[in-house]
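**Q** Handing you this structure, nothing more for now.
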Amino acid sequence: SYEKVVPLIPVLESPTVRKLPQTPDLPNILFVGIDSVSRLQFDRHFPITARNVISGQGFHTMYGYNKVADNTFPNLTPLLTGLYVENLWNETMNAQFDYFPFIWKEYHRRGYQTLYMEDAPIMHTYNYEKKGFADPPTDYYLRPYYLAMDSKTKDYCYLGRVELEVYYEYLLDFMRAMSARKQKYFAFHFMARLTHDILNNVGYFDPIIDRLF
């Protein structure tokens, strides 16, 4: 027998979301994070992306951005909420994270479709030794897909394909679907599996990420 997990991008409608005005000036937001990679390491391991994207399309390097703690959870939370973890949560709390003021909530209220995906379910920022979410935090939430896919992933491959290509194929499909629907989006994708333990693996990302742009 043959079994394959296929993620979908259904059309979603929400009565709580206001319609966006028809203007090309509103930007789409795509955030791609790579675990354990500093700016200098990015320059070293991503020559294709750095040359074709950073240099060629008017991107700006945030030289003043620095980590504020030791691991992903206390570093991503300020980026996504504007607040330090200590202002929102502590280890004595038996709570899920639905109440966090994530930035994608504001985009959702303003009519954007939102996406949140991380490629390593066992190390998920808000699930590793934590309670996760009671409800999907965004319109499109890929954790169920990654959990189903994870059991069939071996040596960074899924059913004969490099898993990174599978992830980015979905992200590209999402962006194309939103464009076809004339729908603005906020997409947040954080990658950890390939780089968390062996940083030199990060170079495999370069030609794949370059395709996004």
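Take 1 as the starting number for the sequence shown in the working numbering and just add one per residue.
Ideal Cβ placement from N, Cα and C applies to all residues, glycine included.
These numbers were taken from a predicted model, which means no experiment stands behind them.
Excluding sequence positions up to five away, which residues of its chain have a Cβ less than 6 Å from the Cβ of residue 31?
**A** What you label residue 31 is simply residue 31 of the sequence shown in a count that begins at 1. Within the same chain, residue 31 has close Cβ partners 188.
**Q** Determine the burial state of residue 122: buried for a count of at least 16 other Cβ atoms within 10 Å of its Cβ, exposed for fewer.
**A** As a position in the sequence shown, residue 122 is number 122, starting the count at 1. Counting Cβ neighbours within 10 Å, residue 122 comes out exposed, since fewer than 16 surround it.
**Q** How would you write the range of the alpha helix (DSSP H) that residue 133 sits in, first residue to last?
**A** Within the sequence shown, numbered from 1, the residue matching residue 133 stands at position 133. No alpha helix (DSSP H) contains residue 133, which DSSP labels as neither H nor E.
**Q** Just to check my reading of the structure: residue 116 and residue 144 have Cβ atoms closer than 8 Å, yes? What is that Cβ distance to the nearest angstrom?
**A** The residue you call residue 116 lines up with position 116 of the sequence shown. The residue you call residue 144 lines up with position 144 of the sequence shown. About 12 Å; that fails the 8 Å criterion.
**Q** Using a Cβ-Cβ cut-off of 8 Å (strictly less than) and excluding sequence neighbours within five positions of residue 174, which residues of its own chain qualify?
**A** Translated into positions along the sequence shown, residue 174 becomes position 174. Taken in chain order, the residues that qualify are 9, 115, 140, 185, 187.
**Q** I'd like the list of long-range same chain contacts for residue 125, defined as Cβ closer than 6 Å, with 5 residues on each side in sequence excluded.
**A** Position 125 of the sequence shown, counted from the first residue, corresponds to residue 125. 72, 73, 76, listed in sequence order.
**Q** Just checking: is the beta-carbon of residue 71 within a distance shorter than 9 Å of some beta-carbon in chain B?
**A** Absent from the structure is chain B; it holds one protein chain and no more.
**Q** Evaluate contact between the region 91 to 98 and the region 127 to 134, counting only Cβ atoms and requiring at least three cross-stretch pairs below 8 Å.
**A** Short answer: they touch.
**Q** Using CA coordinates, which residue listed in 203, 211, 79 is at the minimum distance from residue 169?
**A** If you number the sequence shown from 1, residue 169 lands on position 169. For the residues 203, 211, 79, the minimum Cα distance to residue 169 belongs to 211.
**Q** Starting from the Cα of residue 208, find the closest Cα among 151, 150, 49, 176 and give me that residue.
**A** Taking the sequence shown and counting its residues from 1, the one referred to as residue 208 is at position 208. Taking only the C-alpha atoms, the option nearest residue 208 is 49.
**Q** Do you know how far the Cα of residue 59 is from the Cα of residue 202?
**A** The residue labelled residue 202 in the question sits at position 202 within the sequence shown. The residue labelled residue 59 in the question sits at position 59 within the sequence shown. C-alpha separation (whole angstroms): 21 Å.
**Q** Looking at the strands, I want to know which residues DSSP matches up with residue 217.
**A** Since the first residue shown for the chain is 1 and the last is 213, residue 217 is missing from the structure and cannot be characterised.
**Q** For residue 204, name the three-state secondary structure that DSSP assigns.
**A** Taking the sequence shown and counting its residues from 1, the one referred to as residue 204 is at position 204. DSSP places residue 204 in helix when its eight states are reduced to three.
**Q** Please name the residue or residues paired with residue 114 in a DSSP beta bridge.
**A** Stepping through the sequence shown from its first residue, residue 114 is reached at position 114. Note: residue 114 sits in a beta bridge opposite 186.
**Q** Quick one: what's residue 159 bridged to in DSSP?
**A** The residue given as residue 159 occupies position 159 in the sequence shown. According to DSSP, residue 159 bridges with nothing at all.
**Q** Just grab the DSSP bridge partners of residue 32 for me.
**A** Along the sequence shown, read from residue 1 onward, the residue named residue 32 stands at position 32. Beta-bridge pairing links residue 32 to 189.
**Q** For a quick check, are the C-beta atoms of residue 191 and residue 64 less than 9 Å apart?
**A** Residue numbering aside, residue 191 sits at position 191 when the sequence shown is read from its first letter. Residue numbering aside, residue 64 sits at position 64 when the sequence shown is read from its first letter. Not a contact, by the Cβ cut-off of 9 Å.
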